[in-house]
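Heads up: the structure comes next, in structure tokens.
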Amino acid sequence: MSDTASPSVNADAAELAKFSALAHKWWDKESEFKPLHDINPLRLDFIEQHVPLSGQQVVDVGCGGGILSEGLAQRGAQVTGIDLADKSLKIAKLHAMESNLVIDYRKVPVEELAAEAPASFDVVTCLEMLEHVPSPASVVAACAELARPGGWVFFSTLNRNAKSYLLAVLGAEYVLGMLPRGTHDYARFIKPSELGRMTRTSGLDTVSLTGLHYKPLGRIYELGGDTDVNYLVACRKPA
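Now the structure itself:
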């Protein structure tokens, strides 16, 4: 099977091809994926501010090469990672074996998994993924369906405004060279208000919203403050 998507699958073939071409670099911490490695502890801390991961059944939607999935497993979660890019999943499986971690990686659309196993997970994570699919609302609805009553659903994405275009596209891709040019399509960035409508429509309650900031001088990332560029959302499914 190749890294392509049928017309009925909520995926962009060009996006899958883009990440497949970089798949061998997922675990190179000085590669194009360095930002994901750098922010991973912050993402995990944000999740654990709301729910302890040890012993939880977690599904990582759009897991890529497994950076977040492995972090979740290292903190004691029972992790399922799903993605549609074959090459990324192969890298994820291999690295998990090398790390002596048991993670169930599957190639399956999130909507299909939601139909197959509704209300099966204590925690659902969908980070840095919504801005890469044709219908983010469909992904949000499927994530809500996957969560058990009382379960948690976490999203992160990019805001859509002049500041985010300047920093996340022009700055990160063209000036600082932190990401390959063309990594992000500004038109697919999602305002917090838009994501809020998606989560409410899907029956989720928003618990917290926080920004994620990069400080070029110190070359560090921090949580908190405004949500003008990158932001994370914690939602809960009513019990």
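Start counting the sequence shown at 494; every next residue gets the next number (this note's numbering).
Every residue gets a Cβ at the ideal spot worked out from N, C-alpha and C, and that includes glycine.
Item	Value
Beta strand (DSSP E) segment containing V595, residue limits	Note, V595: premise wrong, no beta strand (DSSP E); not H, not E.
Residues sharing a beta bridge with F647, DSSP	T618 and A727
Rounded straight-line distance, which links the Cα of I584 to that of T618	20 Å
Assigned secondary structure, K522 (DSSP; H/G/I helix, E/B strand, else coil)	coil
First and last residue of the uninterrupted beta strand (DSSP E) at H706	D698 to K708
Local Cβ density within 10 Å of R536, reported as buried at 16 or more and exposed below that	buried
Proximity to V572 [Cα-Cα], best of F614, F539 and P731	F614
Cβ-Cβ distance between V626 and N503 below 8 Å	yes
T694, DSSP secondary structure in three states	helix
Among D597, V554, V603 and W645, nearest to L620 - alpha-carbon criterion	V554
Outcome for N654 when other beta-carbon atoms lying within 10 angstroms are tallied against a minimum of 16	exposed
I575 to D719 span [Cα, whole Å]	30 Å
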